[in-house]
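Residue numbers (my numbering): 162 to 460.
No residue lacks a Cβ here, since even glycine has one placed at the ideal position from N, Cα and C.
Structure first, then comments.
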Amino acid sequence: MAAARSIASSSSSSSSMLRRSLSVRSATCAPRSLPGSSTTIRHSSSASSASLLASAAYTNPTTTAATTSQGTPPLPPHHRDTLTSLLRVDHSGEIAANTIYSAQARVFQHIKNDPQSTKLTLEMWESEKKHLKVAEMLLRQHGVRPSLLNPVWGAMGSLLGGVTALMGKEAAMACTEAVETVIGEHYDDQMSHLDEVLASFRSGVSSASSSSLSSSSSAPSTSHEAHSEALSTAPTSDSTTPYQSLQTLRNLLEEFRDDELEHLDTAVEHDAQQAPAHALLSAIIGWGCKGAIEVAKRI
């Protein structure tokens, strides 16, 4: 009993913290009614401000070529390895998410004959389709191979989505709640790492600029060249700056995280926590997601 209470407390705490984070970010957003439901939820919707989102640079035909031509900047080996694993695991996660929602939609439509749950699932699936498209483009842009286990992640996603939908709407929503709780935290970790990379680069450029300026008194004939070289590597708002690709990636992760937390909020609003054995189901799915993330980073 103590273990069960611990699992329930941990699962509920993580989900509640992320939902509070979503509520703070979404306080000024316009309300939206979910398909087939009278429930109105405030959220940060990709669809409502598509032209302002980072993903628009990848999905808008007029900007796609310029965006994907931004190269990967020179990085220390450990940062390059982290970027590689980040892009690989996110792509694998989008494959799994798409197969989960696809399987749930099929069950709700063809077996359960539940139009409301079908519409709700299809709506969440739409944003995952966009995520997967962008994730595939990011792999090509940065020269990262996909996970060798992607067929496995797809099969596992289909199984998880199908089984939870067969268990009922509440279990399917509990699946979404558990998955998006883990993914929301995962995106936060990735954004923190990219912030560190960008900050260290800016700090390095600042040091290089200061060094080049201080050397001008002892080497006036070369100071201008040294100063120009230091400034040429500094990040700017110019889309051709090498490190702009990392800033764009960071913005994408924030957008995708907000989409996932919208799904989390939607799942809880639609009785996720009323699912049979909710604590146990959430814990199993959450642990499975965390394990898959660690494997996909490496293989």
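- Within the same chain, Cβ atoms closer than 8 Å to the Cβ of R301 are found at T229, the five residues on either side in sequence being excluded.
- Distance check between V324 and each of T260, S253, A227 places T260 closest, using alpha-carbon atoms only.
- Rounded to whole angstroms, R267 and G452 show a C-alpha spacing of 27 Å.
- Annotated three-state conformation of P235 is coil, per DSSP.
- In the DSSP assignment, G449 falls within the unbroken alpha helix (DSSP H) covering 439-459.
- Annotation: K273 is outside any alpha helix (DSSP H) and is labelled neither H nor E by DSSP.
- The three-state secondary structure of N259, taken from DSSP, is helix.
- Cβ-Cβ distances below 8 Å link Y348 to L414, E415, F417, R418, E421 in the same chain, with the five nearest sequence neighbours on each side left out; the list follows chain order.
- Inter-residue distance for G304 and L359 is about 20 Å (C-alpha atoms, whole angstroms).
- Per DSSP, Q434 lies in no alpha helix (DSSP H) segment and is marked neither H nor E.
- When DSSP states are grouped into helix, strand and coil, G323 belongs to the helix group.
- For R306, the secondary structure class from DSSP, reduced to helix, strand or coil, is coil.
- The beta carbons of S253 and A335 sit about 22 Å from each other, so the pair does not count as a contact at 8 Å.
- In this structure, DSSP gives G315 a helical state, which the three-state scheme calls helix.
- By the Cβ test, the segment 214-233 is not in contact with the segment 264-282, since fewer than three Cβ pairs between them sit closer than 8 Å.
- In its chain, beyond the 5 residues on either side, I256, T260 have a beta carbon closer than 6 Å to the beta carbon of G315.
- About 6 Å separates the beta carbons of R249 and P307, which is inside the 8 Å limit, making them a contact pair.
- Assignment of N412 by DSSP, reduced to helix, strand and coil, places it in the helix class.
- K330 places its beta carbon less than 9 Å from that of D275.
- Considering only K294, M298, L236, L281, the residue with the shortest C-alpha distance to D432 is L281.
- The residues A266, in chain order, have a CB closer than 7 Å to that of L283 in the same chain once the five nearest residues on each side in sequence are set aside.
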